[in-house]
Each structure stands twice: as C-alpha cells, then as structure tokens.
Amino acid sequence: MGRKRKLDTKKYKKLLQTQHQQLQQELKALADQTTGRDRLSKQVATEDFDESGGDAATDAVERSQNLAIIDTLRDMLENVNEALRKITEGTYGVCEICAKNIPKKRLEALPYATMCTDCRARMGR
Ligand SMILES: [Zn+2]
171 MGRKRKLDTK KYKKLLQTQH QQLQQELKAL ADQTTGRDRL SKQVATEDFD
221 ESGGDAATDA VERSQNLAII DTLRDMLENV NEALRKITEG TYGVCEICAK
271 NIPKKRLEAL PYATMCTDCR ARMGR
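Letter by letter, the sequence shown follows residues 171 to 295 in this note's numbering.
Below, the structure is given as structure tokens:
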C-alpha cells in the first residue's frame with residue numbers, strides 16, 4: 171500500500187472550516203449564557219447564607235455542565251485547528267500513531283480525526 175494517496179483536501183478543509191465556525195458560535199453562546207448566569211447567581215449568593223440556596227445549587231450544576239461542554243468544544247476546536255494545520259503541511263489524513271492512511275469514510279464522518287479507527291480503539295476511546 172502506497173503511503174501517499176490522493177486526498178481531496180479542499181473538501182475536508184471546507185468541512186473543517188464549517189465545523190470551526192459552528193464550534194465558535196456554540197462556544198460564544200455558551201460563554202454568554204454562563205456569564206449571564208454568573209451575574210444572576212451573584213445576587214442569589216447573598217441569600218445562600220439564610221439557607222434558601224436551592225435554586226443557586228441548580229444554577230451551579232447547570233453552570234458546571236456548561237463549563238464541561240465548553241471544555242469539550244474547546245478540545246474539538248483544537249483538533250479542528252490541528253487538522254487544518256495538517257492540511258497545510260500535507261500530512262492530513264495520516265494516523266498519528268501508526269502512520270497509516272485514515273479511511274476516507276472516517277474522515278468524512280470525523281474530519282478532524284488524527285488516528286485511524288484501530289489506534290483510536292486501542293487508546294480506549
Ligand atoms: Zn493508526
């Protein structure tokens with residue numbers, strides 16, 4: 171199997187750029203929501219001391235969930251950036267672990283994939 175294959179990187183670049191935009195929009199929306207909640211929970215926080223903090227607790231849970239999603243989105247955004255960099259470098263679509271070509275089907279489903287399915291499975295994710 172030849173190591174170099176012809177990949178339509180333009181197509182993947184477009185996919186990645188679309189994903190990049192979507193991720194940034196989602197991140198912005200979540201960040202706005204979370205900081206908006208911040209202002210709210212500050213008002214509630216003063217009431218926390220007289221044991222009526224039930225709503226504040228729910229808010230805190232939602233807030234930490236939002237923060238977890240933000241983390242995941244940031245990771246994805248990083249992967250997307252990395253993939254875009256690889257397209258520029260000409261190393262896109264090659265598994266980082268075993269240096270085999272990542273199947274096109276996988277790249278279409280997950281344009282920012284940096285590992286082939288086998289290696290991904292071996293990494294336990
Ligand atoms: Zn691999």
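Backbone N, C-alpha and C fix where the C-beta goes; we use that ideal spot for every residue, glycine too.
Please determine if the stretch 242 to 255 and the stretch 195 to 203 are in contact, where contact requires at least 3 C-beta pairs separated by less than 8 angstroms. The answer is yes - the stretch 195 to 203 touches the stretch 242 to 255, with three or more Cβ pairs under 8 angstroms.
Thinking C-alpha only, which one of Cys265, Leu254, Ser234 is nearest Arg290? Among Cys265, Leu254, Ser234, the Cα nearest to that of Arg290 belongs to Cys265.
May I ask which residues mark the beginning and end of the alpha helix (DSSP H) holding Glu278? 274 to 279 is the extent of the alpha helix (DSSP H) around Glu278.
Tell me the residue span of the alpha helix (DSSP H) that contains Asp178. No alpha helix (DSSP H) holds Asp178; DSSP gives it neither H nor E.
Identify whether Thr188 lies in helix, strand or coil by the three-state DSSP scheme. Residue state, collapsed to three classes: helix.
Taking a contact to mean a Cβ-Cβ separation below 8 angstroms, would you say Ala269 touches Arg276 in this structure? For the 8 angstroms CB-CB criterion, Ala269 and Arg276 do not form a contact.
Take Asn271 and list the residues in its own chain whose beta-carbon comes closer than 7 angstroms to its own, dropping the five residues that flank it on each side. Residues of the same chain with a CB within less than 7 angstroms of the CB of Asn271, apart from the 5 flanking positions on each side, are Arg175, Gly263, Val264 in chain order.
Rounded straight-line distance, which links the Cα of Asp225 to that of Met285: Between Met285 and Asp225, the alpha-carbon positions lie close to 43 angstroms from each other.
So Thr204 packs on Leu237, CB below 8 angstroms; how close in whole Å? Contact flag correct, Cβ pair sits at about 7 angstroms.
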